[in-house]
Every structure is written in structure tokens, then in C-alpha cells.
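Listed in order, the protein sequences are those of chains A and B. Residue numbering for the first sequence is 1 to 460, as defined by our numbering. Residue numbering for the second sequence is 1001 to 1082, as defined by our numbering. Positions of the beta carbon are idealized from the N, C-alpha and C atoms, including for glycine. Structure record follows, encoded as C-alpha cells.
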Amino acid sequence: MSTEAALDLPLRGQAAAIAAGEVDAAELLEAALSRIEQRNPAINAIVETFPDRSREMLAAAPEGPLRGVPVVIKDEWPLPWRAQRFGAAEMQVATAPGESGPYRTLRDAGAVIVGVGNMHELGSGSTGAISYYGPACNPWDTERCPGGSSSGPAAAVSARLVAGAVGADGIGSIRYPAAYCGLTGLKPTFGRSAMAGHHMAAVSTTIVSGPLCADAADCRLLASALFDEELAAGDARGLRIGIVRDTVTDDVAPDVRDACEAAITALREETDGELVEVDLAELEAAALATVLIANTEGLSGLHPSKLNALNPELSPIGRGLLKYRMLLPAAASVKAHAVRTLMRRRLAAALEKVDVIAWPTVPAVAPPLAAPLVELPSGTLSADQANVRGAALANLTGAPAISVPVGLSDGLPIGLQLQGSWGRDELLLDAAEALERASSRRWVDALPPLAETASETTGT
Amino acid sequence: LHDHGQMLAVGLRAQMEAANGADGFISAGLASFGIEADEVELAVMGAAHAMFWPPILALLELDTGAVAPERDPDLSQAPLAR
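As C-alpha cells, this is what we get:
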């Protein structure tokens, strides 16, 4: 097998080929760095590489399950040689290089970090359209949003610069880019994946690290490293699939709704399962509550004099939103926590009747970078406003969720979200694999034009 | 995005037009904290206010009096009480 061909293997295939001696890990690393040089300029997915550090990681890599496999990590985690920038010209907290939890788990699994992934500025958007480094682009259409805030990790995997990347999800930030870029992205149960070293780790009750990969088996492998616990494969037979009648399923672009409904039907058939309608009232309040909680948890680091001296290289949106946070009423924040309690109980009650709850990850395919608006039955909305509706519940409650590719509309990927009970991340991966079988892997194996063209050019 | 025109393109135009009534709230709020803001930042805040304030008011009206508080919830687990 050529090294170039090995780069197109899934994460588990690369790991197996290295372990079997079929691929030389050092050659694979150099090939990955070359591919980044070749493909990254078109998508701006990776904002920094450090070949010597990567070679040092490989030289010291233990015999772990990811030994020698190149991966990307989001600009949200410190590395021993680089502090995170959070996609911004300035952060409101002090940062420094260091061994973050995700770094340690990747290193201990034998993985080799080859680059830092771009992200939406300050993690505060679902599109990836704003970044200190300039936006990352969607490999399916470079004029389109890759999704955020884990924009670079998703674009990097979608373009097959690497087979796996680590993102973070505070309000959908792994699942949005997974849906937009045609990937599988897991938002783990709160607290289950490595978080040490994150600048919000001490205060955030919504953010988790998680994997972005082509398919569920690769997510299982990468998540096992991030969890420091092997996530065993199981059987989703007899899956009870919850469906909800609400804005998250009704105010959705027709192509997205049709693809998700077809996927849910296929999942039921593949698992010999059943569909059960469940009631999750107050989902819109849940979305707002999540935004309020996430935006107020970082307020201790903000004060007026700091806000009066913001770096002018922060985007106007970033500056304005930071200042607006100070005006959020405390009464609303208190109410948001009551809504969290309410929704945790409602979700728990629903998940006693079903194993997963399914609805579209995002209500429309990736919008243009130049104008991130989506057309929905209710009218034109900003993508951020529309996307948060379906993603927030998992962050508010702490429960796990996964986005799985289930179709294309005008050449752009569509994602279906499955949400499960606390600690049942493995079942979500099992269900995602059942969905892959149901479609004969059509959507997880689909490549964006950028990767296809490049593969033809290089003969891979 | 570093200019006003680009900001408008990212979907805030409609909200900005609806935000005129927010001027007093935002300017008074910022003044009370001694926070300065330029015209573009004020426009962003106006757009955010137009987007968030109506649902915030609706949230404040939501009756959660019957929801027994979940003290120090363990978000890695299902709630103990239903």
C-alpha cells in the first residue's frame, strides 16, 4: 500500500496498517504534512503545523491504539509548545502552553498531532464564518460555511487531511460542523471526555471535547482515547427511536426533513426497532437557557475596564457580543437554571420510553460564508439562531448526542442527530453504525469534490 | 469580519432594524457599567438585543415555580428526581 493511499484509510485503518507494519508511521506523517500543504490553502482548516514537534511526538509514541496516526486538535486546547488562541485576536483569560487533557490522551494513545484546527472566534458561532485566522471553508463547497465552532477540525477531516480530529462542543460546536461537512461527530456525556487545561474547564457546565471523524467506528476509537476508556461496540437491535413534533422537526428545509425522516425509517428497519412519539415541551426555552448559561459562565473573567480595552482585531461582532453579555439580566440566568432542571427531568422521562431521540442536527444545509442565512418554512433566519434550537438540549442537560451524515442536498451534506441517555455514548455509536449499514455506507463514504479532485490529481 | 458591511451580511440586518427600541436600554446599561462602545459595536448589541430580548421576556414569564430545584446537578448523570 502506498503511503498516499494510507492517508485515505479511516483512522482505524491507519492504526491497523501501522501496527501490522504495512505502513511506515514516519512516512505517513510526512505524507500528511505534504497533503496539508497541498490541500489546506483552499480551506484554511489548519492554522498551524509544527513538523518538528510532530516528529518528536511520533518518536516518543507508545504502543497505543492510535500509534503513529496523524490527528488535528482544535485551537481550543493548549499544547506543550503552543497556547490556544480560541480563534481570536485576544482571549479574556490568560493562557499558556501546557499539557491539556486531550493532548495527554492523544499522546498516550500514540497519536501524532500534526496541526491546530481553525475555529469560530471565541467559540461563539455555529458557522465558522468568523475567525482571527480568516474563516475555514467547507470542502463540499468552499464558498459555504464549514460549521462552527469546530470549523477547522471538521474541514480537515472532510478534506481527508487527517482521518480524525478533536473538537469541543459547548452548544453544538462538534455537531454543527459534522452536519455541514458530512462527518460523524460525537458530543459526549458531560464530564466523560478529557477537559483538563481548557480555559473554561473550571466554570463551564456545557463544554466537552469530542471526536470528528468520517464514521462511527473511527469516532469510537478516538473517543475511547479521549475518555481513557474503551467504548465497546454493541448491538442496537430493537432500538426504540423517539421522535418529537416541534420546531426542531417542523421548521426545517424540505430536503433536510425528507432525508432525516427517511434515515429514521431506515434506522428503525435496520434495527428492527420502533418509533415512539415523545413530548419535550419548552425546547425553545431550553435553547435560550443554554445560551444564557453558556454566556454567563464566563462573565467572571470580564469587567468594564477590560471591555474598554478590547483588541481592535477582535471582530465587531465579537466585541459587541462580549459587551452585551454584561447586560443579560440575572433573573433570566436564574430562570435558565430552573429550565435546565425542568428539561433534565423531561429528557430523563422521555429516555425511559425510548433509547434515542432523533431530529435534524441543523435545519438547513451549510449556508454561504458571505451571508450565513438559512431559508426555513418560517422565513429567513441567521444560521446561528436556527441551529441552536436542535443542538442546545444535549449541552443543557449533559446528555450525549451524535450527528450522522444521512444525505446530500444540492451537493451539500445533511446530518441527523441522535440523542441518548447519560453515559450511553456507546449506544449512540451503535445506532450510528446501524444507520451506516442501512445506507450501505453511502453517506459516510461520500467524499467532497475537493478531496476527490485532489485524490485524482495525486493518484491516491 | 472587520467592517460594518460584512457584519450586515452575516444575518443581522433584520434584527438591527428591529432593534431601534433597544437604544435606551443598551446605552443606559453600558453607561451604568462605564463601558464604551463604538457605532458598530452598538449596532451588534442592538441586533443581539432584538434577537434575545423577546425570548428572554418569554422565559421570565415561564412559570417554573413547581420545578423543585436540582441543587448542584451532576450533569454526567440523569437527574435523581423526576
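Buried versus exposed call for residue i [16 or more other C-beta atoms within 10 Å across all chains shown]
i       : result
B:M1016 : Caution applies to B:M1016, whose pLDDT of 48 falls short of 50 and renders its modelled position unreliable; the value that the coordinates give is listed next. The residue in question, B:M1016, is buried, as its Cβ has 16 or more Cβ neighbours within 10 Å.
B:L1075 : buried
B:E1061 : exposed
A:G411  : exposed
A:Q14   : buried
A:N118  : buried
A:G115  : buried
A:M1    : exposed
A:P78   : buried
A:A225  : buried
A:A285  : buried
A:W474  : With chain A represented from 1 up to 460, any question about residue 474 of chain A goes unanswered, as that position is not in the structure.
B:A1050 : buried
A:A446  : buried
A:G379  : exposed
B:A1066 : exposed
A:S204  : buried
B:A1043 : buried
A:A194  : buried
A:K353  : exposed
Simplified DSSP assignment, three categories, for residue i
i       : result
A:P139  : coil
A:T341  : helix
A:P462  : Here chain A covers residues 1 to 460 and nothing more, so residue 462 of chain A does not appear.
A:G415  : strand
A:P405  : strand
A:A358  : strand
A:P368  : strand
A:V252  : coil
A:E375  : strand
A:D467  : With chain A represented from 1 up to 460, any question about residue 467 of chain A goes unanswered, as that position is not in the structure.
B:I1035 : coil
A:D169  : strand
A:R85   : coil
A:R220  : helix
A:I18   : helix
A:E99   : coil
A:R144  : strand
A:V112  : strand
A:I264  : helix
A:G420  : strand
A:L9    : coil
B:R1082 : coil
A:Y176  : helix
Member of the options whose CA lies at the smallest distance from the CA of residue i
i       : options                           : result
A:A371  : A:P177, A:E22 and A:G128          : A:G128
A:A383  : A:F50, A:P188 and A:C145          : A:C145
A:W140  : A:R237, A:R389, A:Q419 and A:I414 : A:I414
A:R325  : A:S315, A:L307 and A:P312         : A:L307
B:D1038 : A:L310, A:S300 and A:A392         : A:L310
A:A96   : A:T206, A:D108 and A:H199         : A:H199
B:P1055 : A:T290, A:Q92 and A:P177          : A:T290
A:T105  : A:A214, A:A196, A:A349 and A:V356 : A:A196
A:A386  : A:D258, A:I317, A:T249 and A:N295 : A:T249
A:W81   : A:V252, A:F50 and A:L58           : A:F50
Beta-carbon separation (whole angstroms), residue i vs residue j, contact threshold 8 angstroms
i      : j      : result
A:G68  : A:A25  : 3 angstroms
A:D75  : A:A233 : Not quite, the Cβ-Cβ distance comes to about 32 angstroms (not below 8 angstroms), so this is no contact.
A:G134 : A:N40  : That pair is no contact at about 12 angstroms.
A:V244 : A:A364 : About 18 angstroms; that fails the 8 angstroms criterion.
A:P405 : A:L183 : 7 angstroms
A:A156 : A:V23  : The Cβ separation is near 20 angstroms, so there is no contact.
A:P188 : A:G210 : 5 angstroms
A:R237 : A:E274 : Not really, about 12 angstroms apart at Cβ, beyond 8 angstroms.
A:E433 : A:A217 : 7 angstroms
A:D169 : A:N395 : 7 angstroms
A:W359 : A:C260 : 7 angstroms
A:G147 : A:A179 : 7 angstroms
A:L7   : A:A32  : 6 angstroms
A:A61  : A:V112 : 7 angstroms
A:E90  : A:L314 : 6 angstroms
Bridge-paired residues (DSSP) for residue i
i       : result
A:K74   : A:G117
A:R240  : A:E274
A:T206  : According to DSSP, A:T206 bridges with nothing at all.
A:S382  : A:L373
A:K187  : A:A401
B:R1071 : Beta-bridge pairing links B:R1071 to no other residue.
A:G164  : A:C213
A:E48   : A:V116
A:L79   : A:R82
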